[in-house]
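Colleague:
Protein chains: 2
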Amino acid sequence: MARLFHVPLSPFCRKVRLSLAEKKVEVELVEERYWEQEPDFLRRNPAAKVPVLKLDGKMMAESAAICEYIEETRPEPPLLPRDPDGRYEVRRLIGWFDDKFHNEVTSKLLYERVNKKVMKQGFPDSRNVKDGAKAIKYHLDYMSWLLDHRRWLAGDVMTLADFAAAAHLSSLDYISDVDWNRSAVVKDWYAKIKSRPAFRSILADQVPGFPPPPHYADLDF
Amino acid sequence: MARLFHVPLSPFCRKVRLSLAEKKVEVELVEERYWEQEPDFLRRNPAAKVPVLKLDGKMMAESAAICEYIEETRPEPPLLPRDPDGRYEVRRLIGWFDDKFHNEVTSKLLYERVNKKVMKQGFPDSRNVKDGAKAIKYHLDYMSWLLDHRRWLAGDVMTLADFAAAAHLSSLDYISDVDWNRSAVVKDWYAKIKSRPAFRSILADQVPGFPPPPHYADLDF
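Below you can see the structure in the form of structure tokens.
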């Protein structure tokens, strides 16, 4: 069986989990305290980060490379369109969320509030938290603008771009950092994606010391 | 004609330039002071970063998405293998250089020494410079280990992974931050890639206030 070394709230791990679940690839989840840099883990991935996926007899790292590999070896149901323009737009948005959104929002809210405590790296930097809380508004507005023009973020079908975005937002929702009242179309989009069977494992996540708010797993939030 | 909005020493822009040149796509280079956030530029790319490529009548952002698009629409000569395992390894290494190497080395040397001055953001942080100078040794050793086993970084043929790595190293070489004596195989690899016609435009780059060292453009360095 496939095995994923992960941490529950990592958006990069969640993107891979969603992709595997959507394609009905069964996977055993193994929590990995990657920041402790155990020799066994460094052997699996010298980059010392998660996700690391054991699949088809290989150890794989880097979530973008992993998701492309899953797509190429398990094409059904497709999470990338067939035409180069459509594929470009999906990959552009994955870059948007995994780079820009990650730097401006996820690292400033989730990493300050949760990772620092779990990794015993001190207290949240209030300046970062403030900047992250401000930046997420701009990103929700950008998503709202996209969803005014499209059914899903990258076009008329659900793709990896939606999973990338939902991975970040669901991790932030776990610590109540998403204002779902800001945009009705973004809330509708999240309700659609949250109700997919692929999302169940993510809604069942529990991080010791950080109980999720009641709305987190509620499909009617 | 294609048009690339770029800054000369950006490794992400250089990766796109190498990819276009290798596929013989002519491109007009336009220097973009993206940190000044001109409205015209923000309209082209709301993420406010470079590269931005105008190609096939579209404005495109995110270097990874751009390079995949170029590969899909201009498949010759191929810069990605055909088999999923080979493609995975190329993309894993692109992630390695554009994420890990970028965070640990490029941002700590190039951005501290050059970008801060060009963008008028103060003086280099000596702690960062020291960390970057230490981290690049580990990365050169990792490349050396790969190249002991393979002709090119991701396997027996040259791929986008080599361009990603060469884009970072060439920008650092422009400010004399690469110790080519550390590994003979890495130096040989760089000599091979540096002598390709696709590399000529990069070796001709000039940044005002930062003249390159004589060895930078020398094929026999």
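Just so you know, the sequences run in chain order W and A.
Residue numbers for the first sequence follow the UniProt record's numbering, so the first one is 1 and each next one is one higher.
Residue numbers for the second sequence follow the UniProt record's numbering, so the first one is 1 and each next one is one higher.
Note that the Cβ used here is the ideal one computed from N, Cα and C, for glycine as well.
#1: Which of the residues in the stretch 81-99 of chain A, read from start to end, lie with their CB under 7 Å from any CB of chain W?
#2: Along the chain, where does the beta strand (DSSP E) containing W:A61 start, and where does it finish?
#3: W:P8 and W:A167 look like a contact to me (Cβ under 8 Å); what is the Cβ gap, rounded to whole Å?
#4: Tell me whether W:V25, by its Cβ, gets closer than 7 Å to a heavy atom of the ligand SAH.
#5: Quick one: is A:A167 near chain W, going by C-beta distance under 8 Å?
#6: Thinking C-alpha only, which one of A:A217, A:T106, A:V50, A:L18 is nearest A:A191?
#7: Find the residues of chain D that neighbour W:M60, judging by a C-beta separation of less than 8 Å, and give them in chain order.
#8: Which residues in the same chain have their Cβ closer than 6 Å to the Cβ of A:P212, if we skip the five residues on either side of it in sequence?
#9: Skipping 5 residues on each side, what residues in its chain have a beta carbon closer than 6 Å to that of residue 222 of chain A?
#10: List the DSSP bridge partners of W:W152.
#11: Ignoring anything shorter than 4 residues or poking outside the UniProt domain "GST C-terminal" (83-215) of chain W, list the alpha helix (DSSP H) runs there in chain order.
#12: If you draw a straight line from the C-alpha of W:G95 to the C-alpha of A:V185, how long is it?
#13: Leaving aside the five residues before and after A:R3 along the sequence, list all residues of the same chain whose C-beta is less than 7 Å from its C-beta, in chain order.
#14: If we ignore side chains and look at the alpha-carbon of each, how far apart do A:P84 and W:A47 end up?
#15: From the DSSP secondary-structure annotation, give me the bridge partner or partners of W:R33.
#16: What residues match up with W:K54 in a beta bridge as DSSP calls it?
#17: Is it the case that the stretch 127-134 of chain A contacts the stretch 54-63 of chain A, given that we only count it when at least three CB pairs across the two stretches are under 8 Å?
#18: Can you round the beta-carbon distance between W:A65 and A:R91 to whole angstroms, since I take them to be within the 8 Å contact cut?
#19: To the nearest angstrom, how far is it from the Cα of A:R43 to the Cα of W:Y138?
#20: CB A:A21 to CB A:S170, shorter than 8 Å?
Modeller: Walking through what the data contain:
#1: P84, R87, Y88, R91, R92, G95, W96
#2: 58-61
#3: Actually they are not in contact, since the Cβ atoms of W:P8 and W:A167 sit about 12 Å apart, beyond 8 Å.
#4: The model depicted lacks the ligand SAH and carries no ligand whatsoever.
#5: no
#6: A:A217
#7: No chain D appears in this structure, whose protein chains are W and A.
#8: Y174
#9: Residue 222 of chain A lies beyond the residue range present for chain A, which begins at 1 and ends at 221; the question has no answer from this structure.
#10: W:G155
#11: 84-95, 107-110, 126-149, 160-174, 184-194, 200-203
#12: 32 Å
#13: V27, E28, V30, K54
#14: 21 Å
#15: Bridge partners of W:R33: none, in fact.
#16: W:R3, W:M59
#17: no
#18: 4 Å
#19: 15 Å
#20: no
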